[in-house]
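Q: Below is one structure. I have some questions about it.
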Amino acid sequence: MNDNVCLMSNNQSFSQSALNEIFKISPKLPGCVNSRESSTLEFKESFGWASAPEYARTCAAFANTKGGYIAFGIKNKPHKLTGLRPKPLKVFEEIDPAKVSEFFNQHFAPEIRWDIHVHEVAGKQFGLLYVHEASEKPVVCTTDAGDKLRECDIYYRYRGRTTRIKYPELRAIMNERRAEEQRLWLKHLAKIARVGIREAGIFDLKTGQVSGAKGAFVIDESLLSQLTFIKEGEFSEVRGKPSLKLIGSVEAVSGAPQILVPMQVIKSKGIRIGDIILAFLNQQKVDDPEEYIKQICFESTGFLPVYYFMHLAKLNTHATISLVDGVLCRGQAKGKLLGRLRMQTTQQMIMPSSDMAVTRKKKAYVGQAKKESINEKLRGTELKYCLQALRTLTTVEMKRHSKYLRGLLKLWFNKYYASQDGAIADHLRRGICWCDEALNLPEQNSS
């Protein structure tokens, strides 16, 4: 079959974890990604049909290796997140899968399977084209296209570049192909042995002809729906209806190969620390609260609001622990989050009983919080004292002044989080965590 297939992006190709790996933001350069071009990833600053042969060359290379992504809207050096401009974005969003498939069909065989996706990060739109690893290798160029494609060439992905395949990789592909054919032969022979060589027949899927030791016949496609297939170990209760004994499974296949075309380009939005915190502070009813919980595992800290999203997702603590435990990621945030969930620890603080000046300041901020009169322009050390004071409020006090406190925390988060030192950022996160815990942890003491 020589048809290239576009699939709906309902697989794991564009899962949150996969997108996180591509759009891994650099802590030193927030406008850039840490990801580098590799054997499974290539960056393009823009998108346009004039470069179709170049894209196709890379797609064929990905198909011949382990599959991979072309990310449109990212500069290669220094990996800057530029996003697609309106015109290229519109062209990408209006991709006609039939047109792309036709181009692939004209220039490559066997099939190239691919998905498309639009992803938003920090208000910028990025196009993603994912190519699946070919089930039948090698994918070979069948027709020239400018200076990018040459008939009979086999393209392969070597680290961050696409080039003609070299002998060792071609030999490995051919060896694997022979090994796969042997596995298929052994599988079919095992089935024939179970039935018996004299009782077995061959069903030609192209012609519909079934032939065996006792003769041959042709099954018309229109009759398939009228046949009853009996799985081994089962019996048909319907008399007078033709039956076939089945070992394995049978699926009806139309005479012509299908091209699966999505109705629209699937879109997603990247979730980052700001999205998690602001969704909680704004009490936003997000569509995918479980994704917000899982995203915490990929961040630099596990001290982010989580119980609000558990409430939206209707998850108890045990179910949330199972959800988080199943996230595959590196870093310490996952462990920190699991520790918080398992131990049910909170970020509430106890007000010191001393009469020191710092303690008097914190008590004053508590009084101002209850009167909803805290100075919004606090910064530096005074802001730190105020945030610590807010963590001494009881759950009743937090709930009573929830709207005011969430608005205050939102103002300070937007104003200071990215620009202040790490200590202030940490106090902000922990203050927001206590607000989340006080509002959404039913086990909390309401005294």
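With my numbering applied, the sequence shown corresponds to residues 1115 to 1561, in that order. We put the CB at the ideal spot given by N, CA and C, even for glycine.
Taking 7 Å as the cut-off, is the beta-carbon of residue 1533 closer than that to any non-hydrogen atom of the ligand PLP?
A: Of ligands this structure carries none, so the ligand PLP is not represented either.
Q: DSSP three-state label for residue 1263, please.
A: Note: residue 1263 maps to strand in three-state DSSP.
Q: Taking the continuous beta strand (DSSP E) assigned at residue 1323, which residues delimit it?
A: It spans 1323-1326 - the beta strand (DSSP E) in which residue 1323 sits, taken as one unbroken run.
Q: Spell out a yes or no on whether the segment 1266-1284 and the segment 1199-1208 are touching, meaning 3 or more CB-CB pairs, one atom from each, closer than 8 Å.
A: Result no; under three Cβ-Cβ pairs closer than 8 Å.
Q: Would you mind giving the Cβ-Cβ distance between residue 1512 and residue 1519, rounded to the nearest angstrom? I have them listed as a contact below 8 Å.
A: Right, their Cβ atoms sit about 7 Å apart.
Q: I need the DSSP call for residue 1239, collapsed to helix, strand or coil.
A: In the structure shown, residue 1239 sits in a strand (DSSP, three-state: E or B).
Q: For residue 1541 and residue 1428, I'd like the C-alpha separation in whole angstroms.
A: So the two alpha carbons sit approximately 28 Å from each other.
Q: Going by other Cβ atoms of all chains shown within 10 Å of its Cβ, with 16 needed for buried, is residue 1208 buried or exposed?
A: Burial call: exposed.
Q: Rounded to whole angstroms, what's the CA-CA distance from residue 1504 to residue 1554? Just pull it up for me.
A: Distance between the alpha carbons of residue 1504 and residue 1554: 17 Å.
Q: By Cβ distance below 6 Å, which residues in the same chain neighbour residue 1190 in space, the five residues on each side in sequence not counted?
A: Correct list, in chain order: 1157.
Q: What's the C-alpha gap between residue 1456 and residue 1447?
A: Cα to Cα, the separation comes out at about 14 Å.
Q: Count the other C-beta atoms from every protein chain shown that fall within 10 angstroms of the C-beta of residue 1476, then say buried if there are 16 or more, exposed otherwise.
A: Classification of residue 1476: buried, given that the 10 Å Cβ count is 16 or more.
Q: If you reduce the DSSP assignment to three classes, tell me which class residue 1295 lands in.
A: Of the three classes helix, strand and coil, the one that applies to residue 1295 here is helix, per DSSP.
Q: Counting C-beta neighbours from all protein chains within 10 Å, is the total for residue 1244 16 or more, i.e. buried, or is it exposed?
A: Answer is buried; the Cβ neighbour count reaches 16.
Q: In whole angstroms, what separates the C-alpha of residue 1445 from that of residue 1250?
A: In a straight line, the C-alpha of residue 1445 is about 37 Å away from that of residue 1250.
Q: Which residue or residues does DSSP assign as beta-bridge partners of residue 1225?
A: None, per the DSSP bridge assignment.
Q: To the nearest angstrom, how far is it from the Cα of residue 1297 to the Cα of residue 1238?
A: Each residue's alpha carbon lies about 47 Å from the other.
Q: Leaving out five residues on either side along the sequence, give the residues of the same chain with a beta carbon under 8 Å from the beta carbon of residue 1188.
A: Excluding positions up to five away in sequence, the list reads 1147, 1157, 1158, 1159, 1194, 1195, 1196, 1240.
Q: Buried or exposed for residue 1502, going by 16 or more other Cβ atoms inside 10 Å?
A: Buried is the call here.
Q: Could you tell me which of 1166, 1535, 1184, 1185 sits nearest to residue 1217, measuring between CA atoms?
A: Among 1166, 1535, 1184, 1185, the Cα nearest to that of residue 1217 is on 1166.
Q: Count the other C-beta atoms from every protein chain shown that fall within 10 angstroms of the C-beta of residue 1225, then say buried if there are 16 or more, exposed otherwise.
A: By the 10 Å Cβ count, residue 1225 comes out buried.
Q: Give the range of the beta strand (DSSP E) segment to which residue 1156 is assigned.
A: First-last of the beta strand (DSSP E) with residue 1156: 1155-1158.
Q: Does DSSP classify residue 1548 as helix, strand or coil?
A: If DSSP states are grouped into helix, strand and coil, residue 1548 belongs with the helices.
Q: Comparing C-alpha positions only, which one of 1546, 1537, 1484 sits nearest to residue 1514?
A: Ranking 1546, 1537, 1484 by Cα distance to residue 1514 puts 1484 first.
Q: In this structure, how does DSSP classify residue 1232 when only helix, strand and coil are distinguished?
A: Three-state DSSP puts residue 1232 in a strand.
Q: On a Cα-Cα basis, can you pick out the residue from 1185, 1169, 1154, 1174 that is closest to residue 1137?
A: If we check each option's Cα against that of residue 1137, 1185 comes out closest.
Q: Does the segment 1165-1183 touch the segment 1403-1415, meaning 3 or more C-beta pairs lie closer than 8 Å?
A: Touching, no, given that fewer than three Cβ pairs across the two stretches are closer than 8 Å.
Q: When DSSP builds the beta bridges, which residues end up paired with residue 1276?
A: Looking at the DSSP assignment, residue 1276 forms a beta bridge with 1271.
Q: Where does residue 1183 sit, in a helix, a strand or coil, going by DSSP?
A: Strand at residue 1183.
Q: What first and last residue would you give for the alpha helix (DSSP H) that runs through residue 1484?
A: Here the alpha helix (DSSP H) through residue 1484 covers 1471-1485.
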